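Just so you know, the protein sequences line up as chains W and V, in that order. Sequential numbering from 502 applies to the first sequence in the numbering used here. Sequential numbering from 890 applies to the second sequence in the numbering used here. Take a look at the structure set out below.
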Amino acid sequence: MLNEEYAVHCLGLTKKFGSKVAVDSLDLQIEPGTLFSLLGVNGAGKTTTIRMLSSLILPSGGCAMIHGHDCVKEPDAVKRLVGVSPQTTAVSPRMTVFENLVFMEELYGADKKTAQRNANEAAERYGMTEYLHSPSKILSGGQSRMLSVAMAMAGGPKVLFLDEPTLGIDVIARRRLWKVINDLKGKITIILTTHYMEEAEELSDRIGIMIDGRLRACGTLAELETQTGLKGLEPVFIKISEGSL
Amino acid sequence: MKRALIFAKRNMTELLRDPLSYIFCLGFPIVMLAVMTLVNESIPAESSMTLFRIDNLYGGIVIFGQFFIMLSVSLRVASDRRSAFLIRLFATPMKPFDFTAGYVLPMTLTCVMQTLVSFCAAYVIAAITGYSLPVGGMLLSLAVSALSGVFFVSLGFIAGTLLSDHAAPAFCSILISVGSFLGCIWFDGDSAGGVLLTLCRVLPFYYCTKAVRAAVALDLTPSAFFVPLAVIAGSAAVTLAVAVAAFHAKMRSDSN
Ligand SMILES: Nc1ncnc2c1ncn2[C@@H]1O[C@H](COP(=O)(O)OP(=O)(O)OP(=O)(O)O)[C@@H](O)[C@H]1O
Ligand SMILES: [Mg+2]
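Spelled out as structure tokens, the structure:
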């Protein structure tokens, strides 16, 4: 039975592309306010999972719910609750950073004034004030990445999906983003994917490790360490991913 | 509706900052009007061929220009559909109607602006060639072009939604060749008559050109103006509805 107490709840969630099983009978419960890191090697099925949970693609089987709303039957309700920072940077090229932020705020129902205030606050928080009024297509890779991530927070989502948010972001900006994420912890539910183990270690409440579309291990870092008898996320991840658990 | 307007504003901003849209939408009719006027000047007066005289030419170029806006809409929608930004918007509460209206509104506005540019250019050309254009008729043609604009933009939107960014412009080019011919932009269908005229009257393009020319001439008889106008309104409504449905279907099939 699916429980609406959970922020994210999947039962047997499966996605096939032709004969390729990208996500294989995923069972997952995430409590509200948790920061959950979804880890796995390239092609493990992380992005596909996020795309199903944000109602972007339809599962081939099983079901998924966001705060009790079915991702297939109630996509509109789900889309109002979630924010997504996709793996590929997604910004409107000829609009400025500020206009992009205001656009997203307005899309989630903010009036002009609120949208502009939130956009200015976001720019401050993410360190984007210097290039606030530059068209986003002239930004550097990391700068537009930051904008893309900031846009996911527009409208105050209850569940936030961050697919490799810090990809291509410099050390200083990364620390700044970590602080933003840490500030959000406990307030909203965050599902994060990353290939940086120290990032997952720094931020996660719980960690799930996927292999070939299956969730192979799931728990707090301490629990995973006990299971593998190793210390630190990197060795734990390597041991589980190489299938020696 | 609110989200449609927000998205329309975004598209308008992108459009206004794209130099290509100025060439496509604004430079194009001026060049066409000037070139075809030169052609007209070299037609001997005895031939009594008035198709390229500025009043008739203007009506044809207004519609011909909208054919090109159709092409640019299809290209924009088809390439936007593949962009990470639009896919990312699918995860927001935006509905197929919001996406469709968000493109159709600003692009229709572009159609009207294009007509306005043609209007001014035609006025100058008329003054030079010693022909006078009725201002009332020209203003009426702006209103007609808004309506036919919805039709052409929706058509481009459908092509951009259902086809790839390679196929959509190719398809629209074919439509431009066939449509501008059967739309009687380059020849006088009414005096040609016969099977050709029947063929022209099957498609909406003929009525678009006819209504704009009738508006300029202030020929507000039912057969010259109101019937064609009704056909345009009907075609605009149908293509717009198909556009929303097509986008909805595409959003669904893409999510598999
Ligand atoms: N649209 C698609 N069509 C066919 N196969 C797909 C599609 N999307 C993903 N896949 C396949 O599904 C598998 C999982 O892909 P996914 O993008 O979820 O991996 P990931 O864990 O996010 O990897 P990465 O760390 O590289 O981002 C891969 O084998 C991929 O090739
Ligand atoms: Mg991925």
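The beta-carbon is built from N, C-alpha and C at its ideal position, and this holds for glycine as well. Just so you know, these numbers come straight off a predicted model, no measurement behind them.
For the 7 Å CB-CB criterion, residue 940 of chain V and residue 1077 of chain V form a contact. For residue 1008 of chain V, no chain W residue has a C-beta closer than 8 Å to its own C-beta; the minimum C-beta separation is roughly 28 Å. Listed along chain V, the residues sitting closer than 8 Å to residue 583 of chain W by beta-carbon distance are 980.
Under DSSP, residue 562 of chain W takes part in a beta bridge, and its partners are W/515. Of the residues assessed, residue 593 of chain W falls on the buried side of the cut-off, its CB having 16 or more other CB atoms within 10 angstroms. In the structure shown, residue 923 of chain V falls within a helical segment according to DSSP collapsed to helix, strand and coil.
Considered as a whole, the stretch 539–619 of chain W harbours 547–554, 576–582 and 598–608 as its complete alpha helix (DSSP H) runs of no fewer than 4 residues, in chain order.
Nearest to residue 1032 of chain V by C-alpha distance, out of V/1104, V/996 and V/1126, is V/1104.
Remark: the C-beta of residue 588 of chain W is in contact range of ligand 2, defined as less than 6 Å to any heavy atom. Of all residues in the stretch 538–564 of chain W, only 552, 555, 556, 557, 558, 559 and 561 come within less than 9 Å of chain V when Cβ atoms are compared, listed by chain position. The DSSP assignment places complete alpha helix (DSSP H) segments of no fewer than 4 residues inside the stretch 676–716 of chain W at 698–704, in order along the chain.
Any heavy atom of ligand 1 within less than 6 Å of a residue's beta carbon puts that residue on the list, which reads W/518, W/521, W/523, W/541, W/543, W/544, W/545, W/546, W/547, W/548, W/549 and W/588.
When DSSP states are grouped into helix, strand and coil, residue 1144 of chain V belongs to the coil group. Close to chain V, meaning a Cβ-Cβ distance shorter than 9 Å, are the following residues of the stretch 620–653 of chain W: 636, 649, 652 and 653. The C-beta separation of residue 892 of chain V from residue 987 of chain V comes to about 4 Å, placing the pair in contact by the 8 Å criterion.
Within a 10 Å sphere around the beta-carbon of residue 676 of chain W sit fewer than 16 other beta-carbons, which makes this residue exposed.
At a beta-carbon threshold of 9 Å, the residues of chain W lying near residue 983 of chain V are 580 and 608, ordered along the chain. According to the DSSP secondary-structure assignment, residue 719 of chain W is paired through a beta bridge with W/709.
Judged by pairs of C-beta atoms under 8 Å, the stretch 705–714 of chain W touches the stretch 541–548 of chain W, as three or more such pairs exist.
Listed along chain W, no residue sits closer than 7 Å to residue 970 of chain V by beta-carbon distance, the nearest being about 13 Å off.
The beta carbon of residue 587 of chain W sits closer than 7 Å to some beta carbon of chain V. In the three-state reduction of the DSSP assignment, residue 536 of chain W falls in the strand class, which pools E and B. With the rule of 3 Cβ pairs closer than 8 Å, the stretch 916–926 of chain V does not count as touching the stretch 729–743 of chain W. In this structure, residue 925 of chain V and residue 995 of chain V do not form a Cβ contact; the two beta carbons are roughly 28 Å apart against a cut-off of 8 Å. Chain V has no Cβ within less than 7 Å of the Cβ of residue 518 of chain W. For residue 1144 of chain V, the nearest beta carbon of chain W is closer than 7 Å to its own beta carbon. Here residue 636 of chain W carries a strand assignment [DSSP, helix/strand/coil].
The C-beta distance from residue 1009 of chain V to residue 955 of chain V rounds to 17 Å, too long to fall under 8 Å, and the pair is not in contact. DSSP, reduced to helix, strand and coil, places residue 934 of chain V within a helical segment of the structure shown. When Cβ-Cβ separations below 7 Å define contact, residue 566 of chain W makes no contact with chain V.
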